[in-house]
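Just add 420 to wherever you are in the sequence shown, counting from 1, and you've got the numbering used here.
Idealized CB from N, CA, C, for every residue including glycine.
The structure appears right after this line, and notes come after that.
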Amino acid sequence: MWFDAGVNLTNKRLLKDLDGVMLRAQQAEVRKQLIISTSIEEAEQALELCQQYPEQLVMTVGIHPHDAGEAPADYKQKLKELAQHPAVVAIGECGLDFNRNYSPRSAQEDVFIKQIELANELDLPLYLHERDAIERQITLLNQYCLDSTPCLTHCFTGGAEALARYSERGHWFGITGWVCDDRRNQELVAALPNLPLDRLVLETDAPFLLPRGVKPRPKMNEPRLLPAVGETLAGYLNLSTETLAELTRENAERFFRLGERSD
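Okay, structure coming up:
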């Protein structure tokens with residue numbers, strides 16, 4: 421059984437055939453999915469989906485750096501209120517993106533810091549985004565993030581140096597279909613021997629990052645394709661696909677503390 425630790429299930433492309441997406445995931449043995457929220461509106465939508473599929477879905481609440489500049493003035497209070505729902509298992513997707521700079525860097529940093537503080541306060545893990553901002557991201561995490569607040573570097577695509585920097589902080593790592601693309605996965609593949617297997621989870625990041633090599637080629641990525649990511653990664657790690665499925669599922673349940681949930 422698989423755990424998809426990152427799916428953008430509020431995306432319109434997936435919502436068009438939500439029942440089909442969920443059914444196909446179950447048929448592919450993807451038994452649990454984490455919905456990523458990137459704004460207040462997405463978090464509210466995600467809550468509705470979790471209520472519709474309570475056995476299959478959990479979620480994050482957060483504001484993505486792209487959305488930081490448009491965050492409402494009371495965003496921290498709104499996130500805190502949303503996080504009270506038992507389906508919410510992490511704060512994020514949050515962090516810094518200095519590649520596209522869709523939001524001013526000052527706004528990105530302010531919104532990121534507030535979410536770090538919220539994760540500390542609520543004793544929830546952080547679900548992190550970072551692009552071309554590793555130095556500043558680590559500086560802010562070291563300054564504001566409690567040692568007791570677990571951190572997951574979502575959609576990790578970096579090389580050995582980035583892996584070492586985040587590993588030094590005890591981060592967990594989410595691996596996506598990026599690992600399946602031999603046109604651009606060289607840095608990541610070179611870093612895989614140093615990947616901490618006890619802090620590894622798998623994500624599709626659907627509907628994005630469609631795993632290369634899936635045939636017939638689908639129009640978009642969806643949770644049912646997580647085993648394709650797992651099969652490729654298992655090959656690089658010299659593990660059986662079954663072993664990797666069990667390992668990453670148990671890791672995800674541990675990181676998101678699903679065994680501690682009382683609901």
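Looking at R644, V481, G440, the one whose alpha-carbon comes closest to that of A507 is V481. In the DSSP assignment, M479 is bridged to I455, V508. Under the three-pair Cβ rule at 8 Å, the segment 546-554 does not count as touching the segment 603-617.
With contact defined as three or more Cβ pairs closer than 8 Å, the segment 461-473 and the segment 627-639 are not in contact.
Within the segment 507-581, the complete beta strand (DSSP E) runs of at least 3 residues fall at 508-517, 546-551, 571-573.
In the three-state reduction of the DSSP assignment, L629 falls in the coil class. Inclusion of L622 and I595 in the CB contact set at 9 Å is warranted, their separation being smaller than that value. Taking the CA atoms as reference points, S568 sits about 31 Å from L659.
Of the residues G515, M442, Q453, the one whose Cα lies closest to the Cα of E537 is G515. L653 and V599 have their alpha carbons spaced roughly 7 Å apart. Apart from the 5 residues on each side of it in sequence, S587 sits with its Cβ closer than 7 Å to the Cβ of P616 in its chain, given in chain order. D424 is bridged by DSSP to Q453.
By the CB criterion at 9 Å, G597 and D625 fall inside the cutoff. Per DSSP, L664 is one residue of the alpha helix (DSSP H) stretching across 661-675.
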